[in-house]
Ligand code: XMP
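In my numbering, the protein residues as written are 14 to 506.
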């Protein structure tokens with residue numbers, strides 16, 4: 014079957030999939046392998062990515078995405094040159110949980126209790142590792158040790174000294190650390206070298222997080238992973254340096270038209286400056302566009318021009334490629350050499366399965382997550398007429414807006430420099446809408462994963478990879494192109 018010819022001009026609502034003989038005993042996402050590549054060197058246990066939009070992904074959203082096995086891309090929608098706020102969001106995610114804390118907050122044994130109190134307050138931690146001038150472990154000092162103690166007292170008089178601590182020499186697995194800490198009933202386990210130099214600290218709280226989030230996306234040190242968006246002009250080189258220093262696991266060079274000379278220059282410049290960095294670039298929607306990015310050595314490609322829920326590019330410019338066709342074009346061009354992120358247009362969970370089949374290794378979600386607790390922005394109450402009761406009730410809403418909407422562009426510009434005409438001259442390619450405020454994004458993600466597992470079951474597959482393999486080997490066994498009436502029967506309720 015010539016898949017590209019078959020899907021030409023088509024998008025998600027143009028297809029159904031033919032049910033096959035199911036083989037999985039359960040549709041439980043905990044039991045079905047949903048692993049997927051976000052980029053060449055970052056694998057996720059769930060194929061979900063939150064969009065780099067200023068009404069979608071900041072630390073709270075990125076944290077939940079990573080805990081649930083996906084990844085969040087923190088937007089660059091902060092004022093040009095104002096890099097600190099994005100850095101703060103990245104830092105907050107990286108500091109959420111650890112495996113081994115390799116740089117625990119410390120204090121010297123001869124410091125005063127007053128200094129220790131200040132240190133705890135500044136860093137927000139309740140336990141300081143006491144380290145002598147040679148870097149050797151001298152003891153541990155907790156908040157309880159210094160409660161009601163004069164600030165002029167000395168740390169070494171209040172700390173639990175090394176001889177009375179349970180300490181592990183060398184590195185240790187989490188399983189072994191948990192065993193040691195349970196056996197000795199301790200909440201903190203310092204790790205030291207043979208000579209006593211501090212190597213790190215393991216806390217019971219972090220171990221617990223590892224247990225409660227078994228699918229979480231973590232870096233080599235056990236911290237949650239997070240990606241950061243940068244642009245291709247302006248402050249992007251400096252922004253990249255700062256977010257990488259804060260621990261960002263990948264840079265996403267995100268511009269509306271990724272198949273462009275500005276993008277090529279940005280990739281070259283970032284590659285030259287930060288050689289080993291994981292670089293994802295986009296957006297493109299054609300085989301030429303995907304190859305253009307691939308040839309420049311990116312580690313992942315974001316696909317989608319105009320399908321987004323907050324996006325008016327196609328209305329205002331008449332350019333774009335229907336998302337299914339775009340995914341098939343890009344997948345055929347890239348042929349598995351780097352992962353693709355299917356970005357935009359997922360309005361119902363069934364479309365998520367299609368985005369993964371047609372080409373996405375992962376999907377990027379914006380409007381599907383809008384209004385949840387973890388999205389940035391305030392809740393606004395608006396009067397709404399309930400048609401059934403004819404009563405007006407106050408309904409909580411949050412704002413969701415395209416990153417190229419006038420509001421988002423205006424907020425990104427330095428208002429002192431930009432006047433209204435300048436802002437309007439930019440030409441908005443995005444919408445700003447109110448969406449009902451709802452609960453945590455966790456339940457939205459859980460529902461999506463359950464529905465994805467049901468799709469896998471209907472396809473007669475046992476895993477996400479198996480689902481994609483079966484479809485890609487014989488797409489004709491699955492694909493049903495819809496008539497106008499079958500589309501209505503399928504998707505209108
Ligand atoms: P969904 O459909 O999940 O799509 O809301 C999210 C994606 O939409 C893109 N995006 C925009 N596209 N103008 C555009 O042309 C905009 O203002 C805009 N804002 C977001 C972006 O790719 C995002 O990930």
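The beta-carbon is built from N, C-alpha and C at its ideal position, and this holds for glycine as well.
When secondary structure is reduced to three states using DSSP, residue 240 falls in the strand class. In this structure, the C-beta of residue 276 stays at least 8 Å away from each heavy atom of ligand 1. For residue 203, the secondary structure class from DSSP, reduced to helix, strand or coil, is strand.
Residue 402 and residue 316 have their C-alpha atoms some 44 Å from each other. Taking C-alpha positions only, residue 492 is separated from residue 31 by approximately 7 Å. Residues 357, 415, 417, 442, 443, 444 of the same chain have their beta carbon placed closer than 8 Å to that of residue 324, with the five preceding and five following residues left out of the count. Exposed is the label assigned to residue 459, since fewer than 16 other Cβ atoms lie within 10 Å of its Cβ. In the structure shown, residue 301 adopts helical secondary structure according to DSSP, grouped into three states. In terms of CA proximity to residue 351, 291 leads the group 291, 398, 378, 209.
Per DSSP, residue 447 is one residue of the beta strand (DSSP E) stretching across 445-449.
Nearest Cα to residue 223 within the set 61, 79, 23, 488: 79. For residue 414, the uninterrupted beta strand (DSSP E) segment begins and ends at 404-414. Between ligand 1 and the CB of residue 380, the shortest heavy atom gap is smaller than 8 Å. Residue 23 has its CB no nearer than 8 Å to any heavy atom of ligand 1. With 16 or more other Cβ atoms from the protein chains shown falling within 10 Å of its own Cβ, residue 151 counts as buried. Straight-line measurement puts the Cα of residue 61 at about 16 Å from the Cα of residue 468. The beta carbon of residue 463 sits no closer than 8 Å to any heavy atom of ligand 1. The three-state reading of DSSP puts residue 388 in coil, since its state is none of H, G, I, E or B. No Cβ-Cβ contact shorter than 9 Å links residue 51 with residue 337. Secondary structure note for residue 499: it is in no beta strand (DSSP E), and the uninterrupted alpha helix (DSSP H) holding it is 497-504. In this structure, the CA atom of residue 193 is about 32 Å from the CA atom of residue 261. Secondary structure note for residue 491: its alpha helix (DSSP H) is the uninterrupted segment 488-491. Here residue 339 is buried. Its C-beta has 16 or more other C-beta atoms within 10 Å.
For residue 274, the enclosing alpha helix (DSSP H) has its first and last residue at 274-286. Taken through DSSP and simplified to helix, strand or coil, residue 113 comes out as coil. With a cutoff of 9 Å on beta-carbon distance, residue 314 and residue 353 are scored as near each other. Relative to ligand 1, even the nearest heavy atom lies 8 Å or more away from the CB of residue 268. Here residue 166 has 126 as same chain residues with Cβ atoms under 6 Å from its own Cβ, once five neighbours each way along the sequence are excluded. When 211, 229, 200 are compared, the shortest CA-CA separation from residue 217 is found for 200. The beta-carbon distance between residue 404 and residue 392, rounded to whole angstroms, is 21 Å. This is too long to meet the 8 Å contact definition. A straight-line Cα-Cα distance of about 43 Å links residue 57 and residue 168. In the displayed model, residue 54 falls within coil according to three-state DSSP, outside both helix and strand.
About 11 Å separates the Cβ atoms of residue 153 and residue 171, ruling out a contact at the 8 Å cut-off.
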